[in-house]
Each structure stands twice: as structure tokens, then as C-alpha cells.
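What follows is a short report on a single structure.
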Amino acid sequence: MTPGHEQPTPAGRRRLRYGMFAVIVVVYLAIIQVGGLLVTNAAGIDSEHGFVTTHNVLLSMWVPVGAALVFTFAVVAALGWSRPVFRDDRPVQRWVLVVPIVFVICIALAIDYRSLADKGLGFTLVLLIGSQFVGWGEEGMFRGIGVTVLRDHALREGQVALWSSLVFGVVHLTNAIGHGAAAVPQAVAVSLAGYFFYLMRRVSRGNVVNSVIHGLFDFSILSGTAVFVGQRAYIGSVAAILVYVILATVLLVRRRRIELPATLPTGSR
26 MTPGHEQPTP AGRRRLRYGM FAVIVVVYLA IIQVGGLLVT NAAGIDSEHG FVTTHNVLLS
86 MWVPVGAALV FTFAVVAALG WSRPVFRDDR PVQRWVLVVP IVFVICIALA IDYRSLADKG
146 LGFTLVLLIG SQFVGWGEEG MFRGIGVTVL RDHALREGQV ALWSSLVFGV VHLTNAIGHG
206 AAAVPQAVAV SLAGYFFYLM RRVSRGNVVN SVIHGLFDFS ILSGTAVFVG QRAYIGSVAA
266 ILVYVILATV LLVRRRRIEL PATLPTGSR
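Under my numbering, the first residue of the sequence shown is numbered 26, with each subsequent residue one higher.
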């Protein structure tokens, strides 16, 4: 099929055009950003103290991000998109498993275990669950709904990877609301991370592994940067940077060996 021409929508689910997807993303962001500001302002929580207590994490993370998570999967249900969102029928070569493996190793190294131990088990569990809300919500919206929209418009898989990752990065520019110009380099890094999560989705044949790892990655970063007010840089956070360097290098070298050979059946490795 020629790229750019829409393919028939499978029976039992609706088609989503780009404009409507943009509306859905805007609503999703509004729930997180505007809803988050309303909740934290009403509770008297400032940005510096957002994640330093269990109470603050519940209000500043669980409430807005949890609401956005519910919205995301309500959209999936309304569209009848459970299968294309949760399952991926476009496998890649097995070596791409290096992407989730490197992430898991770097996450284990990046978590600030001492700081979390000082905060206690209750706080740690609340932060961990809140981070999973982020992972499942963002992966559901951008690797789930977003990838499905792009594929329904018959884009080549390289274009799907590119545009889904760029959109993921661009929406993080809304973090400028609370973090100013620092949101720009974050958006660039997030675009690259989006590509890594996209590859995890394809190599794992679904949207679960990337969602869990996404949440754990955010958890590892938060543990080393936001647990205490004025928390000094944690040496383990270097691992969170290394994951980008290592995987960007590997994927650049092997970029032409990601897709399955055209002569193999779709389901083979």
C-alpha cells in the first residue's frame, strides 16, 4: 500500500484522524498540567516540594496523572482499540531486546536506594505506583493510540517511529509551565526515549514491557532528584544518562538491521 493512503479500518473499531488525535492529546495534557496546577495550588504545594512527602506525591502525581491514565484508556475503549494498542504485530529482529535489557540494568543502577530507605517503604511504594501511572499513561497515549493512528494512515514504520517520538517530545514542552526553559532539552531527550520505548513495544510484541520500564525509569530518576528538598546530585543518576549514550550508539551502528528481512514471514524472527 502506498504510504499516505489510509488503509481500511478493521471491523469493530473506529478510525481516528490526525485532528481528533491532536484534540485527545491536548485534553490529556490539560488534565495533567492544568489539573495538576489546580490540585497543588489548592493544597498549597509548591513545585520544590512536589514529591518530598507521601501526601504531596498522592496529590501532585496520583491525582492528575491518574486522571490522565483513566482518560487514555477510556479513549482506547471508546475507539475499540484494545488490540492494536496492547498488541504489536510488527516484530523486529531479536537483538533489539538489548534496548529493554540496557534500560533495566541502568534503572537498577540509577535508583537512589539510600534516599528511598530514609523516606520509608510507604513513600517508596506511593512514588513507584505514581511513576507507573506515568509510564502506562504516556505509553498508552503515544505508543498505543499514537502509533495506531499513524499506522492507520499507512505511514511506513520508520515514519511511525519518527513522528510518534517527535510528538512525544513536543508535548513535553508543556513542562515549561513549571520548569521554564529547562523543558526544551528535556523535550529533546524525551523524543529519543520515545524511540527506545517504541522499539521495546515492537520487540516485546505489545505495550506492556515499555509501559512498565517507562514507569521504572521515571521512578529511578525521581528517586535521585526529587525525594528531598535541595537533594544533591546522586552519582547513580549517571546511569540514566548512560542509557541514552549506549543505546543511541548501538542503534546508530545497527540501524539497518532492526527490521526483519523482507523474505521472512511476518511472524518469524
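For every residue, glycine included, the Cβ atom is placed at its ideal position computed from N, Cα and C.
Would you mind reading off the limits of the alpha helix (DSSP H) that contains P89? V88 to L104
Check whether the Cβ atoms of I244 and N235 lie closer than 8 angstroms to each other. First, the residue type needs correcting, since residue 244 is Phe and not Ile in the sequence shown. Contact: no.
E284 bridges to which residues according to DSSP? V117
Between I132 and L241, is the Cβ-Cβ spacing less than 8 angstroms? yes
So which of V233, L180, Y269 and A264 has the shortest CA-CA distance to V213? Y269
Using the DSSP secondary-structure output, state which residues sit across from I42 in a beta bridge. Checking the sequence shown, residue 42 turns out to be Arg, not Ile. BP columns for R42 are empty, so no partner.
Sort R112, L122 and N81 by Cα distance to G231 and report the nearest one. R112
T149 to F167, Cα distance in whole Å? Approximately 27 angstroms between the Cα atoms of the pair.
So, under 8 angstroms CB-CB, S262 and A135 are touching, yes? Tell me the CB distance rounded to an integer number of Å. 6 angstroms
What is the DSSP secondary structure of R108, reduced to helix, strand or coil? helix
Which of helix, strand or coil does DSSP assign to G171? Assignment of G171 by DSSP, reduced to helix, strand and coil, places it in the helix class.
Please report the Cβ distance between T173 and V110, rounded to the nearest whole angstrom; I am assuming they are in contact, meaning their Cβ atoms lie under 8 angstroms. 6 angstroms
State the Cα-Cα distance for the pair I283 and L276, rounded to the nearest angstrom. Straight-line spacing of the CA atoms in I283 and L276 works out to 8 angstroms.
Contacts around P89, its chain only, beta-carbon distance under 7 angstroms, and the 5 residues preceding and following it disregarded: I56, I57, G60, G61 and V64
Grouping DSSP H, G and I as helix and E and B as strand, with all else coil, what is P290? The predicted position of P290 is uncertain, since its pLDDT is 47 and thus under 50; a value taken from the coordinates is nonetheless stated next. Coil.
Closest to R226 by C-alpha separation, out of W87, D114, F76 and F98, would be which residue? D114
Consult DSSP for T27 and reduce its assignment to one of helix, strand or coil. Residue placement at T27 is poorly supported in this model, since its pLDDT is 40, which falls under 50; the coordinates are not used for a value here.
Do you know how far the Cα of A142 is from the Cα of V192? 36 angstroms
Around the Cβ of G145, are there at least 16 other Cβ atoms within 10 angstroms (buried) or fewer (exposed)? Residue burial annotation: G145 is exposed, with fewer than 16 other C-beta atoms found within 10 angstroms of its C-beta.
Would M45 be called buried (16 or more neighbouring beta carbons within 10 Å of its own) or exposed? exposed
Under the DSSP definition of a beta bridge, which residues are partnered with G231? R112
Who are the near neighbours of S85 in its chain, counting only those whose CB is closer than 6 angstroms to its CB and skipping five residues on each side? Counting only Cβ-Cβ distances below 6 angstroms, and skipping sequence neighbours, we find T65, I70 and G75.
Just the C-alpha distance for A251 and D177, rounded to the nearest angstrom, thanks. About 40 angstroms.
Near V101, what residues of its chain come up, given a Cβ to Cβ distance below 8 angstroms and the 5 sequence neighbours on each side ignored? S107, V110, G165, G169 and I170
When the Cα atoms are used, what is the spatial distance from V151 to I238? A direct Cα-Cα distance of roughly 17 angstroms separates V151 from I238.
How is the alpha helix (DSSP H) around Y269 delimited, first residue to last? V263 to V278
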